[in-house]
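> In the working numbering, each residue carries its 1-based index in the sequence shown increased by 20. We treat Cβ as the ideally placed atom computed from N, Cα and C, and that holds for glycine. Please see the structure below; I have some questions.
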Amino acid sequence: MGFERSIRHIGDGVFLDAAFNRFSALGNDTPTVIGVELQPAVFSKYADSAPTSFAGCCKDFMECSEKIAVSAVVGNPPYVSLRNLKAEDRARAIDRMADYKIKMLSSGSLWMPFTIHASNMLAPNGRIAFVLPFEITYVKYSYPLWTYLGNNFGAVKIIRIHEDFFPDVDVETVLLLADQYGASTHCVDFEIYDRVDDLLANNISRRNKIKISDIIHRKKPFAFSMLSEKQRNMIETLRKKKTIMPLIDLCKFNIGYICADKNYFHPNKETCRRYKLPSASLLPCISSGKEISGGTGIGAIAGPDQQLNNLFVPGNVTAADKRYIRHGVETGVHLRYKCRQRKPWYITPGIEIPDLILTVFGDAPKLVVNDGKYVVSNSLLAGHIKSDITAEQLVCMWYNSLTLLSIELNVHSLGGGVLVLIPGETDRIEVVNAISQEEAGSVFKELDDCIKERGLQAAYQLGDELVLSKIYQLSTEEIQQIRNAVSTLRYWRLPKDRRNAKKR
């Protein structure tokens, strides 16, 4: 640890102060520590009282020369999406990655080019330490970074701490440590701690080896390794026995239609009466998850008598339609981005009637049979059966704790730990293998009644009894292991304040 030359991002000076203190403890009172800060006021505030060996510079970190050959780089780079940058700044970041022979996706974040650029500043056998968002462990745009780290460092480590050590950031953060620059590795050491004090005391909760190939092949190994060995072995056994299978083998879920203006394209009853819109121009639809959630009377099936909304899609345009279209022009709806991309502007494309409807937010998504032949908006996922099972059978296969566990393992969360289902991740959710139509008949009725009377969580628990226990003969201990695994992953996903709120 006796580095003589290192570079830090200044920020509020915490990293720099810690560096000087560490060097002093190691007997080096005159290390060369370079601080980089973009904001002049922040830079001056620290530089004015910095130790004499401080060699700072006020500039964009990405413009610092990679030829300085430091022993270490430590920092907390910006978590800014490239899409939110000015066009010239975004192009500069992508071009900088191209200089390193790395293709940077426009969906990426600025922390990735910072990390790779920092690595190229190292002398042989140097190291980096960065505070990065937890998404580094699973997002697609980070895959080139993992390949780069494996090809250029002899040791790579991710440290996850349950205690929120950066509470002002609305995303979970992890520590990336990469050592032995110039060497290579095929694995990542994944260390898990409950608190920061545990990290400092080397009181580790769990340690696992993660194959870099598993990361870039979308296996989300960091989530899977949070489970106990017994839980992991049980899941692998269920896979080998084909007790569970990927949802994509049975049903494909896509986002629903994008109308561009929710209020205009979903006229309420009063608007329909005022403009005398014909029923032929109104498609029965479900435009949000709230329309099929608790309190709506909808259980596991959305029937034709439960319509709550309409989508305005005129076919043969009537005089009434023309008046409403003119109203859209007068209020500027036709100037909305999506409307400007289509001709005519008032026809919503991509309208399909799915077999199943799936909500996208929350710990326990709701899956319902689309018996009412509704079209659904992009606030929901639309499922189309692609095998010889029925929609009712799939609902029976869905509601149990194995599905909840697979959701935790495969679906990402937003800031604050809220799960959000997207098509690609939903494809990889594993559900129990097909149950017979005869078995599904009674199970479906009980699930439907349970959702209406006791809610979604109760339905998932009921599925444990009706499907996992009675049909698949899983033991009480095995089912409890699955539930415990779900609880473990939720414990790590949800911030303390949300977990406590759920308990209340």
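Beta-carbon within less than 6 Å of GLU192's beta-carbon, same chain only, minus the 5 sequence neighbours each way: which residues are those?
Within the sequence shown, numbered from 1, the residue matching residue 192 stands at position 172. Hits under 6 Å: PHE154.
> Hey, could you find the ends of the alpha helix (DSSP H) ILE236 is sitting in?
Working through the sequence shown from its first residue, we reach residue 236 at position 216. Looking at the DSSP string, the run of the alpha helix (DSSP H) that includes ILE236 is 232-236.
> According to the neighbour-count rule (16 or more other Cβ atoms, all chains shown, within 10 Å of its Cβ), is VAL34 buried or exposed?
Mapped onto the sequence shown, residue 34 falls at position 14. That one is exposed.
> Would you grab the beta carbon distance between GLY55 and PHE43 for me? Rounded to a whole angstrom, and I think it's under 8 Å.
Position 35 of the sequence shown, counted from the start, is the residue given in the question as residue 55. Position 23 of the sequence shown, counted from the start, is the residue given in the question as residue 43. Between PHE43 and GLY55 the Cβ distance is about 14 Å, and since that is not below 8 Å, they are no contact.
> Kindly confirm or deny that the region 78-95 and the region 127-138 touch, where touching means at least three C-beta pairs closer than 8 Å.
With a cut-off of 8 Å, the region 127-138 and the region 78-95 count as touching, because enough Cβ pairs lie within range.
> With DSSP run on the structure shown, which of helix, strand or coil describes ILE136?
Translated into positions along the sequence shown, residue 136 becomes position 116. In the structure shown, ILE136 sits in a helix (DSSP, three-state: H, G or I).
> Quick one: using the 10 Å Cβ neighbour count with 16 as the cut-off for buried, is HIS286 buried or exposed?
On the sequence shown, position 266 is the one that residue 286 refers to. Buried is the call here.
> If the criterion is Cβ atoms closer than 9 Å, does the pair LEU414 and LEU387 meet it?
Residue 414 sits at position 394 when you count from the first residue of the sequence shown. Residue 387 sits at position 367 when you count from the first residue of the sequence shown. Going by C-beta atoms, LEU414 is nearer than 9 Å to LEU387.
> Where GLY392 and MET254 are concerned, what is the direct C-alpha to C-alpha distance, given to the nearest angstrom?
For the purposes of this step, residue 392 is taken as the residue at position 372 of the sequence shown. For the purposes of this step, residue 254 is taken as the residue at position 234 of the sequence shown. Cα to Cα, GLY392 sits roughly 39 Å from MET254.
> State the start and end residues of the unbroken alpha helix (DSSP H) segment that holds ALA478.
Taking the first residue of the sequence shown as position 1, residue 478 is located at position 458. It spans 476-483 - the alpha helix (DSSP H) in which ALA478 sits, taken as one unbroken run.
> Could you give the distance in angstroms between the alpha-carbon of GLU24 and the alpha-carbon of ALA221?
Indexing the sequence shown from 1 puts residue 24 at position 4. Indexing the sequence shown from 1 puts residue 221 at position 201. Confidence in GLU24 is poor, its pLDDT being 46 and thus under 50, which makes the residue's placement too unreliable to answer from.
> What are the residues that DSSP puts in a beta bridge with VAL208?
Position 188 of the sequence shown holds residue 208. DSSP output for VAL208 lists ILE230 as bridge partner(s).
> List the endpoints of the continuous beta strand (DSSP E) containing GLN200.
Stepping through the sequence shown from its first residue, residue 200 is reached at position 180. GLN200 -> beta strand (DSSP E) spans 193-201.
> Considering only residues of the same chain and omitting the five flanking positions on each side of THR508, which have a CB-CB separation below 7 Å?
Numbered from 1 along the sequence shown, position 488 holds the residue referred to as residue 508. Closer than 7 Å at the Cβ level, and outside the excluded window around THR508, lie MET246, LEU247.
> Pull up the distance between the alpha-carbon of PHE40 and that of LEU46, whole angstroms please.
By 1-based counting over the sequence shown, the position of residue 40 is 20. By 1-based counting over the sequence shown, the position of residue 46 is 26. Between PHE40 and LEU46, the C-alpha separation is close to 10 Å.
> Is the region 110-124 touching the region 156-166, taking contact as three or more C-beta pairs under 8 Å?
Because the criterion of three Cβ pairs below 8 Å is met, the region 110-124 and the region 156-166 touch.
> Put SER91 into one of helix, strand or coil per three-state DSSP.
For the purposes of this step, residue 91 is identified with residue 71 of the sequence shown, where counting begins at 1. DSSP places SER91 in strand when its eight states are reduced to three.
> Which class does PHE54 belong to by DSSP, given the choice of helix, strand or coil?
Position 34 of the sequence shown, counted from the first residue, corresponds to residue 54. Contrary to the premise, residue 54 reads as Ile rather than Phe in this sequence. Strand at ILE54.
> Mind the definition here: the region 445-464 touches the region 297-310 only if three or more C-beta pairs lie below 8 Å; say whether that holds.
Because the criterion of three Cβ pairs below 8 Å is not met, the region 445-464 and the region 297-310 do not touch.
> Mind listing, in chain order, the continuous beta strand (DSSP E) runs of no fewer than 3 residues lying wholly within the region 387-441?
Counting only runs of 3 or more, we get 387-389, 400-405.
> With which residues is CYS271 paired in a DSSP beta bridge?
Taking the sequence shown and counting its residues from 1, the one referred to as residue 271 is at position 251. In the DSSP output, where bridge partners are listed per residue, CYS271 has ILE405.
> Roughly how many angstroms lie between the CA atoms of LYS522 and SER426, to the nearest whole one?
As a position in the sequence shown, residue 522 is number 502, starting the count at 1. As a position in the sequence shown, residue 426 is number 406, starting the count at 1. Model confidence at LYS522 stands at a pLDDT of 48, short of 50, so the residue's coordinates are unreliable and nothing is read from them.
> Kindly list the residues whose CB is nearer than 8 Å to the CB of ARG519, restricted to its own chain and excluding five residues on each side of it in sequence; keep chain order.
Taking the sequence shown and counting its residues from 1, the one referred to as residue 519 is at position 499. For ARG519, the predicted model reports a pLDDT of 47, less than 50, meaning its position is unreliable; a value from the coordinates is still stated below. Within the same chain, ARG519 has close Cβ partners ARG510, TYR511.
> Compare the C-alpha of GLN59 against each of ASN390, VAL100, ALA38, PHE81 and name the closest.
Residue mapping note: residue 59 aligns to position 39 of the sequence shown, counting from 1. That would be PHE81, whose Cα lies nearest to the Cα of GLN59.
> Consult DSSP for VAL452 and reduce its assignment to one of helix, strand or coil.
For this step, residue 452 is matched to residue 432 along the sequence shown. Strand, per DSSP.
> Which residues in the same chain have their Cβ closer than 8 Å to the Cβ of GLU459, if we skip the five residues on either side of it in sequence?
On the sequence shown, residue 459 is found 439 positions in, with the first residue counted as 1. CYS416, ILE491.
> Starting from LEU152, follow the beta strand (DSSP E) in both directions and report where the run begins and ends.
Counting from 1 along the sequence shown, the entry for residue 152 is found at position 132. Counting along the chain, the beta strand (DSSP E) containing LEU152 begins and ends at 142-153.
> How many Å lie between GLY335 and SER301 at the Cα?
Locating residue 335 in the sequence shown gives position 315, counting from the first residue. Locating residue 301 in the sequence shown gives position 281, counting from the first residue. Answer to the nearest angstrom: the Cα atoms are 6 Å apart.
> Figure out for me which residue from GLY348, TYR419, ILE409 has the closest Cα to the Cα of ASP383.
Here residue 383 refers to the residue found at position 363 of the sequence shown. The shortest Cα separation from ASP383 among GLY348, TYR419, ILE409 belongs to TYR419.
> Taking the straight line between their C-alpha atoms, what separation do you get for ILE181 and SER101?
In the sequence shown, the residue the question calls residue 181 occupies position 161. In the sequence shown, the residue the question calls residue 101 occupies position 81. So the two alpha carbons sit approximately 24 Å from each other.
> Using three-state DSSP, classify CYS84 as helix, strand or coil.
Translated into the one-based positions of the sequence shown, residue 84 becomes position 64. In the structure shown, CYS84 sits in coil (DSSP, three-state: anything other than H, G, I, E or B).
> What separation, rounded to the nearest whole angstrom, lies between the Cα atoms of ASP234 and SER64?
The sequence position of residue 234 within the sequence shown is 214, counting from 1. The sequence position of residue 64 within the sequence shown is 44, counting from 1. Whole-angstrom Cα-Cα distance: 45 Å.
> Measure the C-alpha to C-alpha separation of VAL506 and HIS432 and round it to an integer number of angstroms.
Start at 1 with the first residue of the sequence shown, and residue 506 comes out as number 486. Start at 1 with the first residue of the sequence shown, and residue 432 comes out as number 412. So the two alpha carbons sit approximately 14 Å from each other.
> Does the region 171-181 come close enough to the region 211-229 that 3 or more CB-CB pairs lie under 8 Å?
Touching, yes, given that three or more Cβ pairs across the two stretches are closer than 8 Å.
> Quick one: what's got a C-beta closer than 6 Å to ALA402's C-beta in the same chain, skipping five residues either side?
Counted from its first residue, the sequence shown places residue 402 at position 382. The answer, listed in chain order, is ASN274, GLY276, PRO374, VAL396.
> Determine the extent of the beta strand (DSSP E) in which ASN336 is found, giving its start and end residues.
To locate residue 336, count along the sequence shown from 1; it is residue 316. No beta strand (DSSP E) holds ASN336; DSSP gives it neither H nor E.
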